[in-house]
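Contents: one structure, followed by commentary.
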Amino acid sequence: MGRVSAKVALVTGAALGIGKATALLLAREGARVVVADMKAQEGHAVVAEIEAAGGEALFVPLNVTVEEDWSKAMAAIKARFGRLDIAVNNAGIAYTGTVESTSLADWRRVQAVNLDGVFLGTRYAVEAMKPQGSGSIINLSSIEGLVGDPTLAAYNASKGGVRLFTKSAALHCARSGYKIRVNSVHPGYIWTPMVQGLTSGTPDQEAARQKLIDLHPLGHLGEADDIAYGILFLASDESKFMTGSELVIDGGYTA
Ligand code: NAD
């Protein structure tokens with residue numbers, strides 16, 4: 001018996017990184033998993049990996065910023081599984097820029113994916129979960145949603161927004177008696193394609209990686225599974241008294 005047996009879980013940005021690790025872990029723990037991403041080839045590969053291990057999964061093409069994609073994705077989930085128990089709003093993008101160097105176009109691009117995407121994902125998940133009277137929504141914020149960084153103006157704003165939007169949605173669902181929980185997760189630096197991309201643009205990638213490591217008192221970067229296990233806990237009934245909470249998984253970065 002898995003920790004999320006028979007539940008239906010949607011994970012956005014599930015083709016790579018933290019989303020992929022989460023999709024695989026939720027499947028290992030018994031969930032039927034919807035792999036949602038813009039990267040179809042990599043997304044189908046995640047589905048194939050879940051099926052090869054005896055699990056059940058479905059790929060849905062989804063750009064989290066496009067509302068029409070959301071209604072199509074939810075219709076596909078309803079047709080295949082008839083319900084939605086877990087929604088992990090994980091898709092996000094990184095962007096390095098200060099208040100002075102960030103253009104309005106880049107600012108809006110970051111908010112569109114990291115904030116609009118989480119808003120739409122939460123709204124559509126609430127709509128699907130409300131008639132069931134149960135559900136768990138997990139939104140990916142960051143340590144950058146807790147503390148500021150001069151070089152991450154747009155990213156800081158988006159992730160801080162995710163943190164407080166999550167609390168607003170959690171309170172609304174709780175006070176409305178929906179029995180839908182909404183929580184945020186705040187990873188430190190995790191060695192995924194996102195962070196590899198940030199350091200690969202620098203002349204000395206190993207030095208850039210070491211600089212990031214030094215920010216974490218535990219002395220190393222996190223792995224995607226470190227975050228997936230936190231998400232699994234919030235997705236499962238083990239966390240049934242948690243809503244509006246922020247789960248920090250950061251190797252001591254913000255301690
Ligand atoms: P990643 O870049 O490795 O993977 C992100 C996935 O999201 C990719 O599969 C990508 O195709 C998908 N994606 C991007 N834009 C999308 C869109 N508009 N619609 C649908 N899918 C889209 O990223 P990651 O490191 O795994 O990060 C996952 C989440 O965790 C993000 O929200 C990120 O901000 C957050 N986070 C990551 C770290 C870290 O150190 N890696 C730290 C804190 C928070």
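Residue numbers (UniProt numbering): 1 to 255.
Note that beta-carbon positions come from the ideal geometry of N, C-alpha and C, so glycine has one too.
Because the structure is a prediction, the values reported are computed rather than measured.
Residue burial classification, residue i (beta-carbon count within 10 angstroms, cutoff 16)
i	result
threonine 202	exposed
lysine 20	buried
phenylalanine 241	exposed
proline 217	exposed
serine 71	exposed
valine 147	exposed
histidine 186	buried
valine 113	buried
serine 141	buried
glycine 43	buried
glutamate 144	buried
methionine 1	exposed
leucine 62	buried
leucine 151	The sequence shown places threonine at residue 151, rather than the leucine named in the question. Exposed is the call here.
Where residue i falls: helix, strand or coil (DSSP)
i	result
aspartate 204	coil
aspartate 85	coil
phenylalanine 119	helix
proline 187	strand
aspartate 250	coil
Proximity of residue i and residue j at Cβ, strictly below 9 Å
i	j	result
alanine 14	aspartate 37	yes
threonine 192	glycine 244	no
alanine 235	leucine 26	yes
valine 47	arginine 32	no
isoleucine 138	asparagine 89	yes
alanine 53	arginine 28	yes
leucine 10	isoleucine 86	yes
glycine 188	threonine 254	yes
valine 64	threonine 12	yes
glutamate 246	asparagine 183	yes
Any non-hydrogen atom of ligand 1 closer than 8 Å to residue i Cβ
i	result
isoleucine 227	yes
isoleucine 77	no
threonine 192	yes
glycine 251	no
Rounded distance between the beta-carbons of residue j and residue i, thought under 8 Å
i	j	result
valine 118	tyrosine 95	So it is not a contact: roughly 16 Å between Cβ atoms.
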